[in-house]
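>
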Amino acid sequence: MDAVKTRKKDRRKDKQDGGDTPGLSDDQSDAESISSKLSDSMITERSLHRMLQDLRSTIRKDFLQIDSELRKEITTLGERTSHLENKSDELCVAHNEVVDKLQKLSEDNNMLQLKLADLEDRSRRQNVRFRGIPDDISHDALPAYILSICKILVPDLPDSAWTFDRMHRLPRPARRTLVITEPAEGMKIITSWGLWNATTTTSHAAQATDLSPKKLQADWNMTGSSTTKP
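Last residue of the sequence shown: 230 (full-length UniProt numbering), numbering continuous.
(1) Spatial neighbours of residue 201 within its chain, please: CB distance less than 7 Å, with the 5 preceding and 5 following residues excluded, ordered by chain position.
(2) Residue 164 by DSSP, collapsed to three states: which one?
(3) Could you spell out where the alpha helix (DSSP H) holding residue 144 opens and where it closes?
(4) Check this for me: beta carbons of residue 147 and residue 167, under 8 Å apart or not?
(5) Work out the CA separation of residue 116 and residue 122 for me, nearest whole Å.
(6) From the DSSP output, in three-state form, read off residue 44 for me.
(7) What does the Cβ neighbour count give for residue 128, buried or exposed, with the cut at 16 atoms within 10 Å?
(8) What would DSSP say about residue 156, mapped onto helix, strand or coil?
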C-alpha cells in the first residue's frame with residue numbers, strides 16, 4: 001500500500017512540475033522551427049542596406065555604360081558633321097571658282113565673237129553690192145555687165161584698172177542683188193565715193209554694210225543708239 005501511494009504522489013509531483021510531457025515537447029519544437037523560418041525570411045535593416053547598395057551599383061554601371069555609348073555616338077556624329085562641313089566649304093569654293101571661270105569664259109567668248117565679226121566685216125569692207133541686176137543676165141555675162149556699169153560710174157579709169165575677185169548673186173528673195181568681193185582700185189573708188197550722181201546713174205551700186213549682225217547687236221546693247229538697229 002505504501003508503495004502504491006508513493007508512486008501516485010510522484011506522478012502528481014511530475015504533473016505539477018511540468019515533467020517530461022510528450023505533447024508539450026513537440027509543440028515547443030514546432031514553435032522553434034517556425035520562429036527560425038520567420039527569422040530567415042524576414043528582411044533586416046542590414047540586408048536591406050546591402051540590397052540598396054547592390055541596386056545603386058548596378059544602376060551606376062548601367063548609366064556609365066549608356067553614357068560611354070552616347071559619348072561615342074556624339075563624337076562620331078561630331079566628326080561626320082565636321083567632315084560634311086569641310087566638304088560643303090570645299091564645294092562652295094569650287095562652285096565659286098566654276099562661276100568665275102564660267103564668267104571669264106563667257107567674256108572671252110563674247111570677245112572672240114566680236115573679233116570674228118570684225119574679221120568678217122573687214123572682208124566685207126571692200127565688197128560692193130549692186131541691186132536691180134536683171135535675172136536674164138547669166139553668171140558668165142555678169143563681169144561684162146558690171147564693167148559697163150563701173151565705166152558709167154567712174155569713166156576716167158581704164159579697163160585694166162577694173163579687176164574683180166569674184167561675183168555672186170544673193171539667194172532669194174533678193175535675187176536681183178549682186179555682191180562683188182575684194183574689188184581692185186576701181187571698185188575701191190566707187191566704195192569711197194559713196195555719193196554718186198543720181199542724174200547720170202540709176203543707183204545700180206550701193207556699198208555693203210560695214211557691220212555684221214553680231215557687231216550691230218553689240219553696238220545696240222552698249223549704246224542703245226546704233227545707226228541701224230539689228
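Beta carbons are placed, not taken as given, at the ideal position from N, Cα and C, and that holds for glycine.
Here's the rundown:
(1) For residue 201, the predicted model reports a pLDDT of 42, less than 50, meaning its position is unreliable and no value from the coordinates is stated.
(2) Correct three-state label for residue 164: coil.
(3) Element bounds for residue 144: 142-153.
(4) no
(5) Taking the straight line joining both Cα atoms gives about 10 Å.
(6) coil
(7) buried
(8) Taken through DSSP and simplified to helix, strand or coil, residue 156 comes out as coil.
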